[in-house]
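Structure first, commentary second.
In this note's numbering, the protein residues as written are 73 to 336.
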């Protein structure tokens with residue numbers, strides 16, 4: 073089974089076409105939108121690498137053109153050797169080094185100059201799972217969900233928030249006096265956890281309630297990850313979504329106990 077893939081919507085649009093494939097543990101779902109609703113192009117993108125005890129997954133949601141998404145995919149692939157060496161280090165070292173490296177890449181003068189040469193800009197969500205931890209780096213409005221029964225009982229699903237007016241590309245947060253982005257780290261609970269990244273075509277689909285995280289979670293229960301992703305995409309297709317939708321999802325099972333309160 074493949075342990076890597078990258079794709080940008082200008083390579084193949086998937087307009088009117090639903091596609092689900094597998095890369096390592098990660099199910100990848102793509103739907104380019106409905107031509108009957110006026111869609112004719114796809115400006116999403118994604119990248120997936122998997123290792124022995126980690127996955128690195130990225131979703132991108134560009135507008136105007138897919139050039140900014142393509143630029144980020146190429147840039148991270150250019151730094152793949154460095155990033156994978158970091159991911160093979162102990163998790164206590166890897167997470168901090170990863171954040172520092174991603175910031176260095178995006179703040180580099182050469183990269184920022186190339187951003188000025190593309191047409192349009194993109195939201196970018198990078199998610200890494202290593203051992204029992206998840207780390208994310210988010211610019212813009214793509215979403216990371218984490219589904220686990222203990223967290224669902226407390227109403228916790230989303231791990232980041234949709235942050236508007238943030239992009240990388242022609243308009244670039246890393247060209248401002250203080251770059252705007254969010255990061256976070258989460259300890260996985262004991263048992264099964266489903267991670268799911270998506271662009272906003274899913275959340276903003278008309279005639280659905282996928283703006284509710286719990287409704288997204290429901291579609292991922294009682295079936296395989298790939299089947300859950302296909303179900304979500306089938307519903308957005310049936311409900312006439314125009315926007316591109318890209319979903320990455322996978323399941324992790326951990327046997328270690330997670331942090332609990334001292335009075336538990």
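Ideal Cβ positions, reconstructed from N, Cα and C, are used throughout, including at glycine. Fair warning: this is a prediction, and the values are worked out from it, not measured in the lab.
query = Among the residues of its own chain, which have a CB less than 7 angstroms from the CB of residue 158, if the five just before and after it don't count?
reply = As a working note, residue 158 is residue 86 in the chain shown. Cβ neighbours of residue 158 beyond the five flanking positions: 166, 169, 170 and 173.
Contact the region 264 to 276 vs the region 242 to 249: 3+ CB pairs below 8 angstroms = no
ask   = Cα-Cα, which of 334, 181 and 320 is closest to residue 93?
value = The sequence position of residue 93 within the chain shown is 21, counting from 1. When each option's Cα is compared against that of residue 93, the closest is 320.
task = Could you tell me if residue 201 is buried or exposed, where buried requires 16 or more neighbouring beta carbons within 10 angstroms of its beta carbon?
result = Taking the chain shown and counting its residues from 1, one reaches residue 201 at position 129. In summary, residue 201 is buried, with 16 or more beta-carbon neighbours lying within 10 Å of its beta-carbon over all protein chains present.
message = Could you compute how far the alpha carbon of residue 46 sits from the alpha carbon of residue 208?
response = Nothing in the structure corresponds to residue 46, since the chain is present only between 73 and 336.
query = Who does residue 259 pair with in a DSSP beta bridge?
reply = The count along the chain shown starts at 1 and reaches residue 259 at position 187. Paired residue(s): 205.
ask   = What do you get for residue 124, buried or exposed, if any count of 16 or more other CB atoms within 10 angstroms of its CB means buried?
value = Locating residue 124 in the chain shown gives position 52, where the first residue counts as 1. Per the 10 Å Cβ criterion, exposed.
inquiry  = Below 8 angstroms on the Cβ atoms is my contact criterion, and I expect residue 238 with residue 217 to pass it. Report the Cβ-Cβ distance as a whole number of Å.
reply    = Here the question's residue 238 lines up with position 166 in the chain shown. Here the question's residue 217 lines up with position 145 in the chain shown. With 8 angstroms as the limit, residue 238 and residue 217 do not qualify as a contact, their Cβ atoms being about 19 angstroms apart.
Bridge partners - residue 326, DSSP secondary structure assignment = Here residue 326 corresponds to residue number 254 of the chain shown, with the count starting at 1. Assignment of beta-bridge partners to residue 326 by DSSP yields 263.
query = Using the C-alpha atoms, what's the distance from residue 331 back to residue 318?
reply = Locating residue 318 in the chain shown gives position 246, counting from the first residue. Locating residue 331 in the chain shown gives position 259, counting from the first residue. Roughly 32 angstroms between the two C-alpha positions.
request  = Measure the C-alpha to C-alpha separation of residue 80 and residue 324 and round it to an integer number of angstroms.
outcome  = Here residue 80 is taken as the residue at index 8 of the chain shown, counted from 1. Here residue 324 is taken as the residue at index 252 of the chain shown, counted from 1. Each residue's alpha carbon lies about 26 angstroms from the other.
message = Do residue 292 and residue 286 have their beta-carbon atoms positioned less than 7 angstroms apart in this structure?
response = The residue you call residue 286 lines up with position 214 of the chain shown. The residue you call residue 292 lines up with position 220 of the chain shown. For residue 286 and residue 292, no; Cβs fall outside 7 angstroms.
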